[in-house]
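Okay, structure first, notes after.
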Amino acid sequence: MSPYVLLARLAGPLQSWGLSSRFDQRDTHLRPTKSGFVGLLAAAAGFSREDPITPLDELRFAVRADRPGTPVEDYHTVGGGRYPLRPRDLITDHRLSRTTAPLFDDVSGRAFGVMPGPSVGGWYGAPKGIAPDPNSGQLLARTGQRNPIITNRSYLADAQFVVAVEHEDKQMLDELAVALEQPRRFLWLGRKSCPPAGEISGGVYPGCIEEVLAAARLLPQATSEQPWTWVEVAPGTTGASSINDQPVSFHPTHRSYAPRWERRVCIEPGQSIGWEHLL
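Counting the sequence shown from 1 gives a position; the working numbering is that position plus 7.
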């Protein structure tokens, strides 16, 4: 069977495509990853994290850096400091509710919004990790510590990429193209703080990745006439390198990835496939 290719435009104020991130150090690859884009397709199609990702893991992947963007760093803090007591705090933190209950026994009139006592003022911090208790369903905070959570996060600012995925199943690619514009779940460019700008789907076309990318015009705000392209190839291909970016499972408790091979090439953009519908 002949292959078909789904094109996508990934653009936004910020993108972040982690490869080896840990909680306090969030890196970004200099281009979209296959695992990140397959995750975006899975979200658009309505997959849950527990679902098998077949046949999306069978897609052949390529990315063209029409506008590589600018790497930026964010010194990020969550929580910390001292806060006045609010009604929501009593709901989301059971310890705070128990601590303050005696202080409100004899209070009359307007009590919320003021610190009820010095003991609470010295102890209370911004609640973090709010989630339902598995037994009671009550919203609880994992911690009320006053120390902030500090992370360093990397992004690509003002970047635009053309992503292509290849498969022989045209119907599946057509359905994914529709799902990108009518997603069943929220979409983001690698991280939840990075929403995509404008339309994503560039349509489905016959041919292999190299042929379709050679026919696709540069994006309107491209910064290079001959942008670099990274194309997935067979293991051991001459000039290719291995990257741990083949998605195996997105399960929240045991995400897993495998190596895949890619080669950097320069595919001169053509004029046959345009992007007018995305403007």
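Beta carbons: idealized from backbone N, C-alpha and C, even for Gly. A quick note: this is a predicted structure, and the numbers were derived from the prediction, not measured.
- For Ile157, the enclosing beta strand (DSSP E) starts and ends at Ile156 to His174.
- Spatial neighbours of Gly277 in its own chain (CB-CB distance under 6 Å, excluding positions within 5 residues in sequence) are listed in chain order as Ala221 and Ala222.
- Scanning the region 33-81 from its first residue to its last, the whole beta strand (DSSP E) runs of 3-plus residues come out as 67-74.
- If you ignore the 5 residues before and after Asp64, its C-beta comes within less than 8 Å of the C-beta of Val45, Gln253, Pro254 and Val255, all in its own chain and listed in chain order.
- Residue pairing by DSSP places Arg192 in no beta bridge whatsoever.
- Contact between Thr236 and Arg71 is confirmed by a C-beta separation of about 4 Å, below the 8 Å threshold.
- When the Cα atoms are used, Asp181 and Ser208 turn out to be separated by approximately 10 Å.
- Spanning the alpha carbons of Ala229 and Arg105 requires a straight line of approximately 58 Å.
- Ile216 carries a helical assignment under DSSP once its states are collapsed to helix, strand and coil.
- For Ala223, the secondary structure class from DSSP, reduced to helix, strand or coil, is strand.
- The DSSP-derived three-state label of Asp140 is coil.
- Assignment of beta-bridge partners to Glu269 by DSSP yields Glu239 and Ser248.
- Listed as beta-bridge partners of Arg16 by DSSP are Val169.
- No Cβ-Cβ contact shorter than 8 Å links Leu21 with Asp34.
- Between Glu173 and Pro10 a beta carbon distance of about 5 Å is seen, short of the 8 Å cut, so the two are scored as contacting.
- Per DSSP, Leu183 has no beta bridge partner at all.
- Per DSSP, reduced to three states, the secondary structure at His261 is coil, with no helix or strand assignment.
- Three or more Cβ pairs drawn from the region 157-175 and the region 75-82 lie within less than 8 Å of each other, which places the two stretches in contact.
- The beta carbons of His258 and Glu57 sit closer together than 8 Å.
- In terms of Cβ geometry, Leu194 and Ala52 do not form a close pair [threshold 8 Å].
- Residues Leu17, Ala18, Gly19, Leu194, Trp195 and Leu196 of the same chain have their beta carbon placed closer than 8 Å to that of Pro203, with the five preceding and five following residues left out of the count.
- 8 Å or more divides the Cβ of Arg67 from the Cβ of Glu188.
- Beta bridge pairing from DSSP links His83 with Thr158.
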